[in-house]
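Peer 1: One point on numbering: in full-length UniProt numbering, the residue at position 321 of the sequence shown is 321, and numbering is uninterrupted.
Note that beta-carbon positions come from the ideal geometry of N, C-alpha and C, so glycine has one too.
In this text the structure is predicted, and so the values were computed from the model without any measurement.
This is the structure, below, for whatever I ask next.
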Amino acid sequence: MTQNIAILGASGYTGAELARIIATHPSMRITALSGDRKAGMSMGEVFPHLRHMNLPDLVKIEEIDFSTIDLAFCALPHATSQAVIKELPRDLKVVDLSADFRLRDPAEYEKWYGKPHAAVELQKEAVYGLTEFYRDEIRTARLCAGTGCNAAAGQYALRPLIEAGVIDLDEIIIDLKAGVSGAGRSLKENLLHAELSGGTMPYSAGGKHRHLGEFDQEFSKIAGRDVRVQFTPHLMPFNRGILATVYVRGEPQAIYDAMSRRYADEVFLEVLPFGTLPSTRSIAGSNYVHVGVVGDRLPGRALVMVALDNLCKGSSGQAIQNANLMLGLEETAGLMLAPVFP
Numbered sequence: 001m002t003q004n005i006a007i008l009g010a011s012g013y014t015g016a017e018l019a020r021i022i023a024t025h026p027s028m029r030i031t032a033l034s035g036d037r038k039a040g041m042s043m044g045e046v047f048p049h050l051r052h053m054n055l056p057d058l059v060k061i062e063e064i065d066f067s068t069i070d071l072a073f074c075a076l077p078h079a080t081s082q083a084v085i086k087e088l089p090r091d092l093k094v095v096d097l098s099a100d101f102r103l104r105d106p107a108e109y110e111k112w113y114g115k116p117h118a119a120v121e122l123q124k125e126a127v128y129g130l131t132e133f134y135r136d137e138i139r140t141a142r143l144c145a146g147t148g149c150n151a152a153a154g155q156y157a158l159r160p161l162i163e164a165g166v167i168d169l170d171e172i173i174i175d176l177k178a179g180v181s182g183a184g185r186s187l188k189e190n191l192l193h194a195e196l197s198g199g200t201m202p203y204s205a206g207g208k209h210r211h212l213g214e215f216d217q218e219f220s221k222i223a224g225r226d227v228r229v230q231f232t233p234h235l236m237p238f239n240r241g242i243l244a245t246v247y248v249r250g251e252p253q254a255i256y257d258a259m260s261r262r263y264a265d266e267v268f269l270e271v272l273p274f275g276t277l278p279s280t281r282s283i284a285g286s287n288y289v290h291v292g293v294v295g296d297r298l299p300g301r302a303l304v305m306v307a308l309d310n311l312c313k314g315s316s317g318q319a320i321q322n323a324n325l326m327l328g329l330e331e332t333a334g335l336m337l338a339p340v341f342p
């Protein structure tokens, strides 16, 4: 049975990535696309790489007949998303790609995003969308909140280790490199080619990055106590991809064994042989995650490295993986494409 899909906010990078992946999905058909500022345009005009697809033109959200839609992906900006979703039909399944429903505590949302949440009841209903750790809850969810792409990378590195109790919870450092597409498609001076190409820079340093809210929430929940990590992201002059290097205190072999056990049956999580380093080149354009564990020269310390594609497994691919579960489809449907190389 084919499922009718709407993509709200289809004129952004994650909207285009959703369309690209769904193009070969065996059970999904895109029947509505919204893009407020680009309403009336074809998807091929907005994204020439999608010209070959037979897609509906972009319209305003209020023009969509949701009675014909089985599931909507909401790829809208933060704050806009919650305002739109609370007006959608209550029986419509929704996968949100913004930050609006990731944090369960309204006070934490206000702390990290600077304004009160406008749909608190929906915030309570939403299921956190890190598929491999919330699979059962996602299957029965009406509203699924996609994770932050940086937050996904850090959690893939650390959740199995916190669960297994093999690292010191008070000594965790996440150093992360992110491709520029993670900043979105809006025009920003610091993202101009002349400003970004040939260099790199940290941003939101010193505990200011909003994805720390997700780390605090999820790691503390697993540990049963407060866990606060140090986290610094860096903006890199490549289009897509995330590489997280996580510094931990613990025995390297025990860390590797815990990681291997936890991800042994996960299709999209590949734990590399001990000492092998992952690369963003090896996962580009795919829903796969590569995890590496390396012992440090200092006894009792290790490095855990995670590479994933921020637009795919970090956002749109993850969203489709969750939608598959919500619609009763094969979890991997449409997502088995090999990475693009070179």
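Can you grab the Cα-Cα spacing for the pair aspartate 170 / aspartate 265, in whole Å?
Peer 2: If you draw a straight line from the Cα of aspartate 170 to the Cα of aspartate 265, it is about 29 angstroms long.
Peer 1: By alpha-carbon positions, which one of Gly285, Asn4, Gln82, Thr24 ends up nearest to proline 56?
Peer 2: Asn4
Peer 1: For valine 340 and asparagine 239, I'd like the C-alpha separation in whole angstroms.
Peer 2: 13 angstroms
Peer 1: Pick from His290, Arg225, Arg261, Val229: whose alpha carbon is nearest that of tyrosine 247?
Peer 2: Val229
Peer 1: Does the beta-carbon distance from serine 286 to alanine 338 come in below 9 angstroms?
Peer 2: yes
Peer 1: For the beta strand (DSSP E) containing arginine 90, name the first residue and the last one.
Peer 2: Looking at the DSSP string, arginine 90 is not in any beta strand (DSSP E), and its letter there is neither H nor E.
Peer 1: If you run the structure through DSSP and keep just helix, strand and coil, what is glycine 292?
Peer 2: Three-state DSSP puts glycine 292 in a strand.
Peer 1: Return the CA-CA distance between leucine 303 and isoleucine 138, expressed in angstroms with no decimal places.
Peer 2: 31 angstroms
Peer 1: Within the 9 angstroms Cβ cut-off, does alanine 258 reach chain B?
Peer 2: This model lacks chain B altogether, as it is built from one protein chain only.
Peer 1: Alpha carbon to alpha carbon, what distance is there between valine 46 and lysine 60?
Peer 2: 15 angstroms
Peer 1: In terms of residues, what are the limits of the alpha helix (DSSP H) holding leucine 122?
Peer 2: 120-125
Peer 1: May I have a chain-ordered list of the beta strand (DSSP E) segments no shorter than 3 residues that lie completely inside the segment 25-93?
Peer 2: 28-34, 71-74
Peer 1: Taking contact to mean 3 or more Cβ pairs, one atom from each stretch, closer than 8 angstroms, check whether the segment 30-41 and the segment 106-119 are in contact.
Peer 2: Touching, no, given that fewer than three Cβ pairs across the two stretches are closer than 8 angstroms.
Peer 1: I'd like to know whether the C-beta atoms of alanine 164 and alanine 244 end up nearer to each other than 9 angstroms.
Peer 2: no
Peer 1: Leaving out the 5 sequence neighbours to the left and right, which residues in its chain are closer than 7 angstroms to serine 204 when beta-carbon positions are compared?
Peer 2: Pro233
Peer 1: Mapping the DSSP letters down to three states, classify valine 248 as helix, strand or coil.
Peer 2: Valine 248 falls in the strand class under three-state DSSP.
Peer 1: So what does aspartate 175 bridge to, in DSSP terms?
Peer 2: In the DSSP output, where bridge partners are listed per residue, aspartate 175 has Thr232, Thr245.
Peer 1: At the level of alpha carbons, what is the spacing between valine 127 and valine 120?
Peer 2: Straight-line measurement puts the Cα of valine 120 at about 13 angstroms from the Cα of valine 127.
Peer 1: Excluding the five sequence neighbours on either side, which residues of its own chain have a C-beta within less than 7 angstroms of the C-beta of valine 271, listed in chain order?
Peer 2: The residues are Met259, Ser260, Tyr263, Val291.
Peer 1: Ordered along the chain, which non-local residues of its own chain (more than five positions away) have a Cβ less than 8 angstroms from that of alanine 213?
Peer 2: What sits at residue 213 in the sequence shown is glycine, not alanine. Taken in chain order, the residues that qualify are Arg102, Leu103, Glu108, Tyr109, Lys111, Trp112.
Peer 1: Just to confirm, is the Cβ distance from phenylalanine 66 to alanine 6 under 9 angstroms?
Peer 2: Contact: yes.
Peer 1: Thinking just about the alpha-carbon of each residue, which of Leu50, Gly44, Lys115, Leu92 is nearest to the one in histidine 78?
Peer 2: Lys115
Peer 1: For the candidate residues Pro237, Gly179, Arg159, Ser316, whose alpha-carbon lies nearest to that of alanine 194?
Peer 2: Pro237
Peer 1: Mapping the DSSP letters down to three states, classify tyrosine 156 as helix, strand or coil.
Peer 2: If DSSP states are grouped into helix, strand and coil, tyrosine 156 belongs with the helices.
Peer 1: Please report how far the alpha carbon of residue 375 lies from the alpha carbon of proline 26, in whole angstroms.
Peer 2: Residue 375 is absent from the model: the chain starts at 1 and stops at 342.
Peer 1: Please name the residue, chosen from Ile64, Phe133, Thr24, that lies closest to proline 89 on a Cα-to-Cα basis.
Peer 2: Ile64
Peer 1: What first and last residue would you give for the alpha helix (DSSP H) that runs through glutamate 270?
Peer 2: Following the DSSP letters along the chain, one finds glutamate 270 in no alpha helix (DSSP H) but inside the beta strand (DSSP E) bounded by residues 269-271.
Peer 1: Under three-state DSSP, which class holds tyrosine 203?
Peer 2: coil
Peer 1: Since valine 95 and asparagine 322 are thought to touch, with beta carbons under 8 angstroms apart, how far apart are those beta carbons, to the nearest angstrom?
Peer 2: 6 angstroms
Peer 1: What residue does the alpha helix (DSSP H) around arginine 20 start on, and which one ends it?
Peer 2: 13-22
Peer 1: Residues in its own chain within less than 6 angstroms of glutamine 82 by CB, not counting five upstream and five downstream?
Peer 2: Spatial neighbours of glutamine 82 in its own chain (CB-CB distance under 6 angstroms, excluding positions within 5 residues in sequence) are listed in chain order as Asp100, Ala118, Ala119.
Peer 1: Spatial neighbours of threonine 2 within its chain, please: C-beta separation below 8 angstroms, excluding the five flanking residues on both sides.
Peer 2: Ser27, Met28, Arg29
Peer 1: Can you name the start and end residues of the beta strand (DSSP E) that alanine 319 belongs to?
Peer 2: Where alanine 319 is concerned, there is no enclosing beta strand (DSSP E), although the alpha helix (DSSP H) it sits in stretches over 317-326.
Peer 1: Here's the rule I'm using: 16 or more other beta-carbon atoms within 10 Å means buried, otherwise exposed. How should proline 252 be labelled?
Peer 2: buried
Peer 1: Would you kindly report the start and end of the unbroken beta strand (DSSP E) that includes alanine 307?
Peer 2: 301-308
Peer 1: By the three-class DSSP mapping on this structure, what secondary structure does isoleucine 255 have?
Peer 2: helix
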